[in-house]
Each structure stands twice: as structure tokens, then as C-alpha cells.
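As you go down the protein sequences, you meet chains Z and U in turn. With this note's numbering, the residue at position 393 of the first sequence is 685, and numbering never jumps. With this note's numbering, the residue at position 114 of the second sequence is 121, and numbering never jumps. Positions of the beta carbon are idealized from the N, C-alpha and C atoms, including for glycine. Just below is one structure, and these are the notes that go with it.
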Amino acid sequence: MPDGSTDTRSLAALVQPGRVHRRVYTDPEIFELEMARLFGRSWLYVGHASQVPSPGDFITTELGRQPVILIRHQDGTIRVLLNRCTHRGVKLLAERSGNRPRLVCLYHGWTYDTDGALARVPIDEGCAPGFRTCDFNLATAARTGTYRGFVFASLAPEGGGLPTFDEWIAPMRRNIDDIVDRAPAGEIALDVGVHRYRFRGNWKMQVENVIDSYHVPFSHASTVNRKGVQFSRREGDAEGAKVVDGQRTAASWKRRRGHDVGHGHGWTSNTELDEGSRSSPAWNEYRQALDAAVGRERAEQILTPRMHNSMLYPNASFMGLNMHIRVIRPLAVDLTEVNVYPIRLVGAPEAINVRNTRLLNVTHAAASFVQSDDIEAFARQQAGLASRQGDWVDISRGLDADEPGDEPGTRCAPSTGELLVRAQFRAWLDLMREA
Amino acid sequence: MDVPAATRGIGREACERFVIDEARLLDDRRLRDWLALFTDDGAYWVPAEPNQPTPHGRVSLFYDDRELMGNRIERLEHPLIHVQTPPSRTVHLVGSITLEPMRTEPWLPAADLLVQSSVMMAECRLDAQRLFAARQWHWLRVVDGRLRIVLKRVDLVDCDAAFEAIALPI
Ligand code: FES
Ligand SMILES: [Fe+2]
Chain Z
293 MPDGSTDTRS
303 LAALVQPGRV
313 HRRVYTDPEI
323 FELEMARLFG
333 RSWLYVGHAS
343 QVPSPGDFIT
353 TELGRQPVIL
363 IRHQDGTIRV
373 LLNRCTHRGV
383 KLLAERSGNR
393 PRLVCLYHGW
403 TYDTDGALAR
413 VPIDEGCAPG
423 FRTCDFNLAT
433 AARTGTYRGF
443 VFASLAPEGG
453 GLPTFDEWIA
463 PMRRNIDDIV
473 DRAPAGEIAL
483 DVGVHRYRFR
493 GNWKMQVENV
503 IDSYHVPFSH
513 ASTVNRKGVQ
523 FSRREGDAEG
533 AKVVDGQRTA
543 ASWKRRRGHD
553 VGHGHGWTSN
563 TELDEGSRSS
573 PAWNEYRQAL
583 DAAVGRERAE
593 QILTPRMHNS
603 MLYPNASFMG
613 LNMHIRVIRP
623 LAVDLTEVNV
633 YPIRLVGAPE
643 AINVRNTRLL
653 NVTHAAASFV
663 QSDDIEAFAR
673 QQAGLASRQG
683 DWVDISRGLD
693 ADEPGDEPGT
703 RCAPSTGELL
713 VRAQFRAWLD
723 LMREA
Chain U
8 MDVPAATRGI
18 GREACERFVI
28 DEARLLDDRR
38 LRDWLALFTD
48 DGAYWVPAEP
58 NQPTPHGRVS
68 LFYDDRELMG
78 NRIERLEHPL
88 IHVQTPPSRT
98 VHLVGSITLE
108 PMRTEPWLPA
118 ADLLVQSSVM
128 MAECRLDAQR
138 LFAARQWHWL
148 RVVDGRLRIV
158 LKRVDLVDCD
168 AAFEAIALPI
């Protein structure tokens, strides 16, 4: 029986074939270890270039417990700086976004350039002998990587068995391309605002939920009409996906697949929708723009969505159906914030982007029809796990029944099973080991 | 203030009464009656950004036209709406009600009157109570001698905060 200790061997005992110990969701000590080890070492999603278009533009966020600044330097490059003055530790920027030609600490006025270099210390004749400003530049994330405008960072230096950025991002490149290539201009922007919700549950519940096709007919029963069909989510669709048939999960829904592609990443294949009849004035205009940009064949390929939700383990998901990026931010063992950024397709007709943004109000805002019931499920799961009735959480659906995926080394199974949750816990254990 | 012909006989007092009654319908959970207060081209909007200029192309907590309001109410009536099992109870407090000079927006259908007020809604569910505080604006049109809502805009003081699930209109 796993006790309260947190050495590598005790942690390994918490993750068993087909089950995990409830402590991974409820133990504050394990949460602290996750912040130090998992969020302290893994590659993490930080933001997108479109959030900081001009020099001096910044957003602030946290990587685990580490407050950071994503900022565009005067030379046009993007930096990930730690949000802490090197003098006495004051958090430099409090706003969630803004622009600063230089970063000035409110306390004693130390002034940094937008690349973090300490440029000025007021009353410098008072500095200690040998004090050099170059020893007091802002710290930066140990490693950063970008792909198609998305910025990622790791707080741990290379080595120690940690994947390089290329190794980590490689299995998810296609998924990112699938979304970004839908923009006729070949780039997307996250500049229409953010939905922020929080829930009284462990962060892993959201990470597991985005690739869970099992829960939909039950958790989201109130979003399904009498025909078993969900409301339409895409521009030009007459109706949404068939979720329920009579009292049971619809056969087409059960055909959705989950793909385990390594590093804890995973994605689920898309809902079957009627691609042929998709039409509306805005949609047709968009089709023309995309055909002109990438050619008809590639446009068809892009627009027949392969994937529903892609989880970049551990803190971001990309959704292709109602297009958005979701960032998962653990606040405490039982409290999580999620930020949902609707995607704007640059070069698409305005109506397409307006419609996608509007749809996300209904699907992923705190007041949405869909996400609100997930928030309730997470809180109820956290409450249930407080029970001492059983120590184990079952994640055995489809155990040992998976098949090779479409890329070498990947695995695949119905996404109403738990292959991807088990894959996440494999990555979890790997990142939670002692250094 | 110039009073349009249609609004003759409808003064501050009637507007005040209307806004108070509207909130009471929500507290009584008479959502179908609440829906009937809106014009056919009416909308209910809770911005997610302070001073948000438009619901179009920006995120909102709610931006429901009549159809979406209807969908929302159907869902609230659904026996398997988990986030309202058990349901919340609410109480609104509406005050500081004033008639304002008309403000128009290119995307906003024509209205006859603009009423501003402050509103607080306490919501209790299970053992927890939370408070929503907002300034709100009702763009009203007189239809067959009665007031109807063209747009209800609710600007929460914490509109850009991270919320737990919100199931009920404010
Ligand atoms: S703490 Fe920042 S200048 Fe002193
Ligand atoms: Fe869900």
C-alpha cells in the first residue's frame, strides 16, 4: 500500500497497469513535486507570437509555480523572462498583457531591457564594490522552442534524459499544421480575447478530459437534442455530431480513435460530420480563399478534420472542431485554471472568425453549455476521491487492446477507452522521477 | 432629453418597474417569461472584457440571441443538467436606475429607451454562495405599448476573471 513518501520508487507504486492511486489527484505533497519536477522540467506551452506583435508587447503567465513574461524584444525576437526583479525579488509586471519599452521595477527602479538585460540601477554610486549589472540580468527560461508561432519553454537545461524541443514537438507537428494551415494566410492569431474558467479539481482531470470521448453522451447529455445530435459547431454545418442513438452511445461516436504518440501527447480523431453538404455564404467564400492559397487538393485535406482534440502534454490542448488553444494552469492540488484562446484564421473572411469566436462562448466559456458540465464533473471527481472507500482510480478501459498507430512507434485504440490516460501517466512517472 | 413618440407615456417609473420585474423573473426561475421580454431581434450580452465595444469577434461570457437563449433555457430545463443538480437559488438587487441618452451601435437594432442600473446577484448552490456585481444597460423598444428588451448588457466588475461554472443568466 503506497504510503506518504515521494521518492521515485514510491511514486512508481502509485501508477499501476490499469489503475492509479487517488493520491496523485489529492496529495498536496505530490502536487508540490509536480510543480518542482514535472512543471519544472517538461516542455510547456507559453503563448503565441500574435499575442506580442510589436517590440515591448508582453503577456504574463505562470509555468507551474514560476511567474514568467513572454515579451517581444526590441530586435523582434521573443523572449521568456522570469517575472522577478533580481534585486529584492519583486514581481516586475502585474498586468496580464501590455507594452513596455523597458521593464522598470516599482520598488527601487531597477530597469531592464526587453531582453532582460539590467540597463540601469538608480543611485549607482551606492552599489557595492565589484557590483556588475551584467550579473543581475533577469533570468530566462532555460530552454525555449517555437513552432508555427507557438512558443514553448522548459525551466530545466538540456540533458538528464529530458527530450529536446524537436523530439518533444515532433509527434504533434502535423496536428498543429492541420489547424494553422486552415488560415489562408498560413498563420493564426490568438487576438480575440480569452475565456478563463477554474474548477475545484486537480489539473490532470482537465488533461484527461480533453482526449476523453467516453464522457460526452453522459456528461453533456443536456446538449444533445431528441435525435441524439449535438448543436452544430462548425460554420456551414446544418447540424452537429450524432452522439447518442436511442439510449446508447452512437456507433459513429464509438468509431472515434485515440492516438498515443509519446511524451504523454495524444489526440482523438474527429467526429463524423457531413463534409459534402457543408455550405454557407461565408463558408464558400472561405473555401475559395483557401483553394487560392494552397490549392484545391490540400484545402480538402486541411478541411476534412482528422483530429478533434490534441493534447500537448502536460499543459496545452489544440482543438480543431471549434478552433481554440486551451492552456491548463494548476493552482493547487484541488484548484485549476484553464484559459481558452479562440483561434483567428488570418486571411479568412471575417464572418468565419466571428462565428468561431461566438461558438466558443457557447462551448468553452465558464457560462457555456458544454464546459460548465465538465467543471461540475471535475469538482465531483475531486470530492469523490476524498472518500476512503477505495484508494484506486480505474483507468483500465481497453488495456492491452491497442494497435499500432499510423506513425511508427505510436499506438491507437477507440477513444472511448483509456489508452491516452495511461500514456499520460507513463509520461507523468517519467517526469516525476528524481533528477 | 427628447422623448420619441413611441415612448410617450412611458417614463422613468415604468422603466424602473420593468428592470426590477425582469430581475425578479430570473429569481423566480420563470425563464420562458423572461425570454418573452425580449424582442425577436433581442439579445442578452455579458462581455468577458471591460468596456468591450462589441460582442462580434471578441469573447463573451454570454452573447445569446433569441435562438441561443431558447437553447440555454431548454438545457436548464433538461433533467440531466449536472451543473444545476441541485439547482441554484438567486436573489437580485437592482438599484441606481437612470434613464440615459440613447447610445447606438452599428450592430445594435433600433431601440427607444436606454436604462442604466446597478445589479447584484447572490447565487447559492449546495453550501456555497457567491456574488456577482455589475452595471447593466437595457436597450428597450416599445412594442404594442409595452416595453421589450432589444439588448440587455451586463458588465460584471470582474468580467475578465476566471469563473467557476455559470449556469444562470445574471
Ligand atoms: S526589488 Fe526591484 S528594484 Fe529593488
Ligand atoms: Fe466534456
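Listing by chain order, which chain U residues have their CB less than 8 Å from the CB of residue i?
i                : result
PHE661 (chain Z) : ASN78, ARG79, ARG82
PRO634 (chain Z) : VAL66
So, is residue i buried or exposed, given that buried needs 16 or more other C-beta atoms within 10 angstroms?
i                : result
GLY493 (chain Z) : buried
GLU589 (chain Z) : exposed
PHE323 (chain Z) : buried
ASN576 (chain Z) : exposed
TRP41 (chain U)  : buried
GLY556 (chain Z) : buried
LYS496 (chain Z) : buried
SER103 (chain U) : exposed
TRP684 (chain Z) : exposed
PHE170 (chain U) : buried
TYR399 (chain Z) : exposed
ALA477 (chain Z) : exposed
ILE370 (chain Z) : buried
LEU100 (chain U) : exposed
PHE69 (chain U)  : buried
ALA727 (chain Z) : exposed
PHE523 (chain Z) : buried
ILE415 (chain Z) : exposed
Put residue i into one of helix, strand or coil per three-state DSSP.
i                : result
LYS496 (chain Z) : helix
TRP146 (chain U) : strand
PHE25 (chain U)  : helix
HIS656 (chain Z) : coil
ASN645 (chain Z) : helix
LEU106 (chain U) : strand
MET293 (chain Z) : Low confidence applies here, because MET293 (chain Z) scores a pLDDT of 45, under 50, leaving its location unreliable; read the following figure in that light. In the structure shown, MET293 (chain Z) sits in coil (DSSP, three-state: anything other than H, G, I, E or B).
CYS131 (chain U) : strand
TRP720 (chain Z) : helix
LYS534 (chain Z) : strand
ILE370 (chain Z) : strand
LYS546 (chain Z) : helix
ASN751 (chain Z) : The structure shown has nothing for residue 751 (chain Z), since chain Z only spans 293 to 727.
PHE442 (chain Z) : strand
ASN58 (chain U)  : coil
MET615 (chain Z) : coil
ASP683 (chain Z) : coil
HIS555 (chain Z) : coil
I want to verify the contact list: residues of chain Z whose CB lies under 8 Å from the CB of residue i, in sequence order.
i                : result
HIS85 (chain U)  : ALA513, SER514
ALA168 (chain U) : ARG488
LEU75 (chain U)  : VAL654
VAL90 (chain U)  : SER664, ASP665, ILE667, GLU668
What residues of chain U sit near residue i, judged by a beta carbon separation below 7 Å?
i                : result
VAL484 (chain Z) : GLY64, ARG65, VAL66
PHE491 (chain Z) : GLU171
GLU629 (chain Z) : ALA169
With a cut-off of 8 Å on the beta carbons, I'd call residue i and residue j a contact; round off their distance for me.
i                : j                : result
PRO309 (chain Z) : LEU691 (chain Z) : 7 Å
LEU711 (chain Z) : ALA719 (chain Z) : Contact flag wrong, Cβ pair sits at about 13 Å.
VAL396 (chain Z) : ASN375 (chain Z) : Not confirmed; about 14 Å, so no contact.
GLY612 (chain Z) : ASN562 (chain Z) : 7 Å
VAL157 (chain U) : PRO116 (chain U) : 5 Å
ARG329 (chain Z) : MET724 (chain Z) : 5 Å
PRO283 (chain Z) : HIS365 (chain Z) : Chain Z is shown only over 293 to 727; residue 283 (chain Z) falls outside these bounds and no answer can be derived.
VAL662 (chain Z) : HIS512 (chain Z) : 6 Å
TRP335 (chain Z) : GLY437 (chain Z) : 7 Å
ARG703 (chain Z) : PRO696 (chain Z) : 7 Å
LEU447 (chain Z) : GLN358 (chain Z) : 6 Å
THR432 (chain Z) : GLY408 (chain Z) : 6 Å
Interface residues of chain Z around residue i at Cβ under 9 Å?
i                : result
VAL98 (chain U)  : Ordered by position in chain Z, no residue passes the 9 Å Cβ test against VAL98 (chain U), which lies about 19 Å from the chain.
LEU154 (chain U) : Chain Z residues near LEU154 (chain U): none, gap ~26 Å exceeds 9 Å.
Name, please, each residue of chain A whose Cβ falls closer than 8 Å to the Cβ of residue i.
i               : result
GLU56 (chain U) : This model lacks chain A altogether, as its protein chains are Z and U.
Using a C-beta to C-beta distance shorter than 7 Å, which residues of chain Z count as neighbours of residue i?
i                : result
ALA21 (chain U)  : Within 7 Å Cβ-Cβ: nothing; ALA21 (chain U) doesn't reach chain Z, min ~30 Å.
ALA174 (chain U) : SER664
In chain order, what residues of the region 638-670 of chain Z put their CB closer than 9 Å to some CB of chain U?
GLU642, ASN645, VAL646, THR649, ARG650, LEU652, ASN653, VAL654, ALA657, ALA658, ALA659, SER660, PHE661, GLN663, SER664, ASP665, ASP666, ILE667, GLU668, ALA669
Which residues, in order along the region 25-49 of chain U, keep a beta-carbon less than 8 Å from a beta-carbon of chain Z?
none
Residues, ordered as in the chain, of the region 59-73 of chain U that lie near chain Z by beta-carbon distance below 7 Å
HIS63, GLY64, ARG65, VAL66, SER67, LEU68, PHE69, TYR70
Near-chain U residues of the region 516-550 of chain Z - C-beta to any C-beta below 8 Å
So the list reads PHE523, given in the order they occur along the chain.
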